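K.L.:
Chains as they are written, first to last, in full-length UniProt numbering: chain C, 1 to 320; chain V, 1 to 130.
Note that CB positions come from ideal geometry on N, CA and C, so glycine has one too.
Just so you know, these numbers come straight off a predicted model, no measurement behind them.
What follows is the structure in structure tokens.
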């Protein structure tokens with residue numbers, strides 16, 4: 001078990017990686033109850049928040065077409081020994097190419113991930129050639145953790161006798177919401193393509209306000225105000241801006257900058273999120289739910305819900 | 001009659017004196033799937049009624065980003081207020097981070113003493129459904 005000095009070194013390494021723009025590393029957690037452990041909790045969560053906010057920023061203001069980058073890939077032989085890897089894997093694992101080659105793949109995994117890998121490997125062997133995926137956590141030579149989905153493809157070699165396996169780790173970057181959407185679409189279905197304001201780039205340029213940090217804070221306060229008053233009529237944009245201490249122009253454009261949707265779209269999206277939970281997990285009448293989340297009529301609620309999720313509230317209720 | 005108690009792989013639940021008590025098990029790691037199950041089981045016990053929630057999180061090891069986002073929004077449905085029971089320093093800072101970054105939609109505070117937490121929650125009790 002690492003001592004205090006080792007743990008401090010890991011935290012410093014993690015900070016350096018973050019300073020270098022690498023937000024996908026994580027610190028290994030222990031059962032200790034001390035300040036270093038608390039710092040590890042905060043750092044891991046902070047890295048997640050920054051990673052996510054960078055992705056969000058990119059999908060609101062797309063700057064390129066790259067969506068996923070191959071972060072690491074490994075070619076394994078029939079005994080799951082690494083036979084080839086890419087340069088990026090060496091960098092991330094903080095190890096040399098010659099050290100990585102001929103090592104068992106599982107030697108780079110955490111204990112929990114080794115169990116997952118063993119089960120996945122057995123399944124691959126039973127099935128013969130096939131594709132699968134698993135969420136695995138790698139331990140770098142500097143004792144930082146990298147957790148990501150691994151896509152595992154098993155196939156026969158050129159001689160048609162030796163079995164080989166390709167493990168690919170894709171790092172989600174720009175447009176990552178597409179992958180997320182697949183994973184979450186039945187649960188938190190709020191990253192719909194319809195909500196991404198790509199149109200802005202297609203038309204003639206419109207002027208945008210310069211948003212300073214106090215402007216951004218006011219817009220975040222606006223988001224909090226809406227979240228806390230979903231069931232109420234929110235003031236019109238002009239009055240809401242006044243209430244927040246900003247102006248309509250900044251509120252309108254700032255909201256799109258921060259959240260990717262207009263104030264009205266955001267309000268409807270959040271009302272529907274809450275409504276969906278109540279439809280799915282309670283027996284409260286649908287009409288009551290509509291009013292509870294701020295819809296004036298049941299028919300408008302049903303229509304908006306259906307447009308967003310692809311099924312009506314009553315269809316969801318029947319299924320639940 | 002519906003039971004007032006429930007247990008899953010992540011927590012135990014009970015309704016006592018108008019307060020929903022949730023105690024997380026030691027060493028649990030909460031990801032999105034866990035968060036969905038945690039909220040689903042809570043709602044199944046509530047019988048459509050809102051409750052203040054006393055949530056002992058000192059056993060929680062980590063909550064990932066997707067779970068934090070889900071618990072802050074979807075997890076606040078039919079919750080009138082939340083009081084976390086924390087133990088310094090790990091769960092105290094975990095809750096501090098959550099309250100700062102996620103700003104849950106219902107009044108939420110962290111306490112080390114259950115009696116203080118209950119005092120805070122008492123003001124949010126549903127008078128019609130004690």
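I need the DSSP call for residue 188 (chain C), collapsed to helix, strand or coil.
P.N.:
Here the model assigns residue 188 (chain C) a pLDDT of 41, short of 50, so the residue's position is not dependable, and the following value carries that caveat. Here residue 188 (chain C) sits in coil by DSSP.
K.L.:
Using 9 Å as the limit for Cβ to Cβ distance, is residue 263 (chain C) near chain V?
P.N.:
False, the Cβ-Cβ gap to chain V never drops below 9 Å.
K.L.:
Using a Cβ-Cβ cut-off of 7 Å (strictly less than) and excluding sequence neighbours within five positions of residue 75 (chain V), which residues of its own chain qualify?
P.N.:
Around residue 75 (chain V): 35 and 39.
K.L.:
Could you give the distance in angstroms between the alpha-carbon of residue 304 (chain C) and the alpha-carbon of residue 285 (chain C)?
P.N.:
If I take the Cα positions, the gap works out to 17 Å.
K.L.:
What's the gap between the Cα of residue 223 (chain C) and the Cα of residue 97 (chain V)?
P.N.:
Cα to Cα, the separation comes out at about 19 Å.
K.L.:
Buried or exposed: where does residue 3 (chain V) fall if 16 or more other Cβ atoms within 10 Å of its Cβ makes it buried?
P.N.:
Under this definition residue 3 (chain V) is an exposed residue.
K.L.:
Using a Cβ cut-off of 9 Å (strictly closer), state whether residue 273 (chain C) contacts chain V.
P.N.:
Cβ-Cβ to chain V under 9 Å: yes for residue 273 (chain C).
K.L.:
Give the secondary structure of residue 124 (chain C) by DSSP, where H, G and I count as helix, E and B as strand, and everything else as coil.
P.N.:
Helix.
K.L.:
Can you grab the Cα-Cα spacing for the pair residue 260 (chain C) / residue 31 (chain V), in whole Å?
P.N.:
So the alpha carbons of these two residues sit roughly 25 Å apart.
K.L.:
Tell me the residue span of the alpha helix (DSSP H) that contains residue 68 (chain V).
P.N.:
Where residue 68 (chain V) is concerned, the enclosing alpha helix (DSSP H) stretches over 65 to 73.
K.L.:
What does residue 31 (chain C) touch in chain V if you count any residue whose Cβ is under 9 Å from its own?
P.N.:
Here the neighbours are 26, 27 and 61.
K.L.:
Report the residues of the segment 32 to 45 of chain V with a CB closer than 8 Å to any CB of chain C, ordered along the chain.
P.N.:
Result list: 32, 36, 39, 40, 43 and 44.
K.L.:
Report all residues from its chain with a CB closer than 8 Å to the CB of residue 103 (chain C); omit the five preceding and five following residues, and keep chain order.
P.N.:
Counting only Cβ-Cβ distances below 8 Å, and skipping sequence neighbours, we find 81 and 82.
K.L.:
Which runs of the alpha helix (DSSP H) spanning at least 4 residues fall entirely within the UniProt domain "DUF7793" (13 to 125) of chain V, listed in chain order?
P.N.:
Here the runs fully enclosed are 32 to 46, 65 to 73, 90 to 102 and 114 to 122.
K.L.:
List, in chain order, every chain V residue whose beta-carbon is nearer than 8 Å to that of residue 41 (chain C).
P.N.:
What residue 41 (chain C) touches in chain V: 62, 90, 93, 94 and 97.
K.L.:
Rounded to the nearest angstrom, what separates residue 100 (chain C) and residue 75 (chain C) at their Cα positions?
P.N.:
For residue 100 (chain C) and residue 75 (chain C), the distance between alpha carbons rounds to 11 Å.
K.L.:
Do we get a CB-CB distance below 9 Å when we pair residue 11 (chain V) with the residues of chain C?
P.N.:
Not one chain C Cβ lies under 9 Å of residue 11 (chain V).
K.L.:
Given that a residue counts as buried once 16 or more other Cβ atoms are within 10 Å of its Cβ, and exposed if not, what is residue 92 (chain V)?
P.N.:
The residue is buried, with at least 16 neighbouring Cβ atoms inside 10 Å.
K.L.:
Can you pull out the residues from the segment 282 to 293 of chain C whose beta carbon lies closer than 8 Å to at least one beta carbon of chain V?
P.N.:
Listed in sequence order: 282, 283 and 284.
K.L.:
So what does DSSP say about residue 11 (chain V), is it helix, strand or coil?
P.N.:
DSSP places residue 11 (chain V) in strand when its eight states are reduced to three.
K.L.:
Whose C-alpha, out of C:90, C:138 and C:134, is nearest the C-alpha of residue 111 (chain C)?
P.N.:
Considering only alpha carbons, the answer is C:138.
K.L.:
Drop a sphere of 10 angstroms on the beta-carbon of residue 264 (chain C), count the other beta-carbons inside from all chains shown, and report buried for 16 or more, exposed for fewer.
P.N.:
The residue is exposed, with fewer than 16 neighbouring Cβ atoms inside 10 Å.
K.L.:
Say whether chain C places a C-beta atom closer than 9 Å to the C-beta of residue 82 (chain V).
P.N.:
With 9 Å as the cut-off, residue 82 (chain V) does not count as an interface residue toward chain C.
K.L.:
Quick check on this structure: which residue in V:116, V:64, V:84 and V:6 has the alpha carbon closest to the alpha carbon of residue 44 (chain C)?
P.N.:
When each option's Cα is compared against that of residue 44 (chain C), the closest is V:64.
K.L.:
If the cut-off is 8 Å on Cβ atoms, which residues from the segment 109 to 142 of chain C count as contacting chain V, listed in chain order?
P.N.:
Here the close residues number zero.
K.L.:
Identify whether residue 170 (chain C) lies in helix, strand or coil by the three-state DSSP scheme.
P.N.:
Correct three-state label for residue 170 (chain C): strand.
K.L.:
Compute every distance between the C-beta of residue 212 (chain C) and the non-hydrogen atoms of the ligand GTP, then say whether any falls below 8 Å.
P.N.:
Inclusion of the ligand GTP in the displayed structure is not the case, the ligand content being empty and no account of it being possible.
K.L.:
With a threshold of 8 Å, are at least 3 pairs of Cβ atoms found where one atom belongs to the segment 294 to 314 of chain C and the other to the segment 264 to 284 of chain C?
P.N.:
The segment 294 to 314 of chain C vs the segment 264 to 284 of chain C: in contact.
K.L.:
I need the boundaries of the alpha helix (DSSP H) containing residue 130 (chain C), first residue and last residue.
P.N.:
Premise fails: residue 130 (chain C) is in no alpha helix (DSSP H) and is neither H nor E.
K.L.:
What does residue 231 (chain C) reach in chain V if we use C-beta pairs closer than 8 Å?
P.N.:
Result: empty, since nearest Cβ-Cβ is about 11 Å, beyond 8 Å.
K.L.:
Compare the Cα-Cα distances from residue 227 (chain C) to each of V:117, V:106, V:61 and V:81 and report the closest residue.
P.N.:
Of V:117, V:106, V:61 and V:81, the residue nearest in Cα terms is V:106.
K.L.:
Can you confirm whether the segment 107 to 122 of chain V touches the segment 52 to 60 of chain V when touching is taken to mean that 3 or more C-beta pairs between the two stretches lie within less than 8 Å?
P.N.:
Contact between the segment 52 to 60 of chain V and the segment 107 to 122 of chain V is present, because at least three Cβ pairs lie under 8 Å.
K.L.:
Going by C-alpha distance, which of C:208, C:250 and C:238 is nearest residue 217 (chain C)?
P.N.:
It is C:250.
K.L.:
Quick one: list the residues of chain C neighbouring residue 48 (chain V), beta-carbon separation under 7 Å, in chain order.
P.N.:
Under the 7 Å cutoff, chain C gives 282, 283 and 284.
K.L.:
So what's residue 230 (chain C) in DSSP terms, helix, strand or just coil?
P.N.:
Here residue 230 (chain C) sits in coil by DSSP.
K.L.:
In whole angstroms, what separates the C-alpha of residue 44 (chain V) from that of residue 319 (chain C)?
P.N.:
Distance between the alpha carbons of residue 44 (chain V) and residue 319 (chain C) is about 15 Å.
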